[in-house]
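Take a look at the structure below.
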Amino acid sequence: MTRAPSLLVHCRQAALTFGQGHRAVVAVHGTDLGIRAGDRLAVVGPSGSGKSSLLHLLAGLEQPTGGTVERGDALTALTTGLVFQSDSLIPALNVLENTALPLVLSGRAETQAHEAAQSALERVGIGDLAGRLPQEISGGQAQRVAVARAVAQSPLLILADEPTGRLDHTTGAQVLDCLLEAADHSGAALVVTTHDPAVAARLATQCAMRDGRLLPVKETS
Ligand code: ADP
Ligand code: MG
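Residues in the sequence shown are numbered from 109 upward in steps of one, following the numbering used here.
See the structure below:
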């Protein structure tokens, strides 16, 4: 089996079932999906429809229980930027240290990691918050930190799981702006899950998730 060279991630009938027997929950039914460099994909669906599960498959955080998910060789923990819904910052680390953490953990020298982190924070408009602790910033600011952390390493793929889910409309729109700009900056593919059609409409391509099934893709005109 060969992967088309331009595909970062290729799901072929990828499925994810939790539990076994009569307790089995099919979170994702056999799904075909290819993510290419530069893609802007929204996965929109209600709570429980399987959005996070699909994103975890794309991230390599879960292994498919059926079908295959091929992730390109260039995709590593460092070149995949993850943004979770909330509360993903480490309370004891300041904003700069939180942002630099993936780089430091991957072995980058601290000075370099901090420089990259500071520049990512500036790109998302919160360079002045670098020294604050997570409890000293707002929810919207914390999501910007999560975006900065995901993009500091110039990822090839950014996966954001309901990044605006707990934010008011204006703040959510700003966080989405940050994600789109960051993806443009590093030339990354961006996949965003959301239950909000207005958020989904900001991405070039949308697909709907219902009961673990991905419904046909719609291009935003
Ligand atoms: P969404 O992100 O759209 O809210 P999820 O992917 O979180 O949906 O969940 C899809 C389905 O899979 C739901 O029925 C959920 O209860 C179930 N599920 C998700 N994660 C687990 C898990 N770790 N163990 C068991 N069931 C799970
Ligand atoms: Mg979810």
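For each residue, glycine too, the CB sits at the ideal point set by N, CA and C.
Residue i - partner residues in DSSP beta bridges
i       : result
Arg-120 : Thr-176
Gly-189 : Ile-266
Ala-150 : Val-300 and Gln-314
Arg-321 : Arg-318
Thr-219 : BP columns for Thr-219 are empty, so no partner.
Ala-115 : For the record, residue 115 in the displayed sequence is Leu; it is not Ala. Arg-144, per the DSSP bridge assignment.
Gln-125 : Before going further, note that residue 125 is Thr rather than Gln in the sequence given. Thr-125 pairs with Val-134.
Pair within 7 Å by beta-carbon distance, residue i and residue j
i       : j       : result
Arg-148 : Ala-258 : no
Leu-267 : Ala-296 : no
Asp-269 : Ser-157 : no
Ala-256 : Thr-302 : no
Leu-298 : Ala-291 : yes
Cys-286 : Arg-252 : yes
Ala-185 : Val-300 : no
Ala-56  : Thr-139 : Nothing can be reported for residue 56, as the shown portion of the chain is limited to 109 through 329.
Thr-176 : Thr-125 : no
Val-133 : Ala-316 : no
Ala-197 : Pro-242 : The amino acid occupying residue 197 in the given sequence is Leu; Ala does not appear at that position. Contact: yes.
Gln-193 : Gly-127 : no
Leu-116 : Gly-189 : no
Gly-320 : His-137 : yes
Val-212 : Leu-237 : no
Ala-217 : Ala-260 : no
Val-191 : Ala-254 : yes
His-118 : Gly-142 : yes
Pro-271 : Thr-187 : no
Unbroken beta strand (DSSP E) run spanning residue i, endpoints
i       : result
Val-232 : Taken as a continuous stretch (DSSP letters only), Val-232 belongs to no beta strand (DSSP E), as it is neither H nor E.
Run of the alpha helix (DSSP H) containing residue i, from where it starts to where it stops
i       : result
Asp-181 : Careful: Asp-181 lies outside any alpha helix (DSSP H) and carries neither H nor E.
Asp-140 : No alpha helix (DSSP H) holds Asp-140; the beta strand (DSSP E) holding it covers 133-144.
Asn-206 : 203-213
Asp-285 : 277-294
Gly-248 : 247-259
Ser-161 : 159-167
Pro-305 : 305-308
Q.
Strictly closer than 5 Å from CB to any heavy atom of the ligand ADP: give me those residues in the order they appear in the chain.
A. Phe-126, Val-133, Ala-135, Ser-155, Gly-156, Ser-157, Gly-158, Lys-159, Ser-160 and Ser-161
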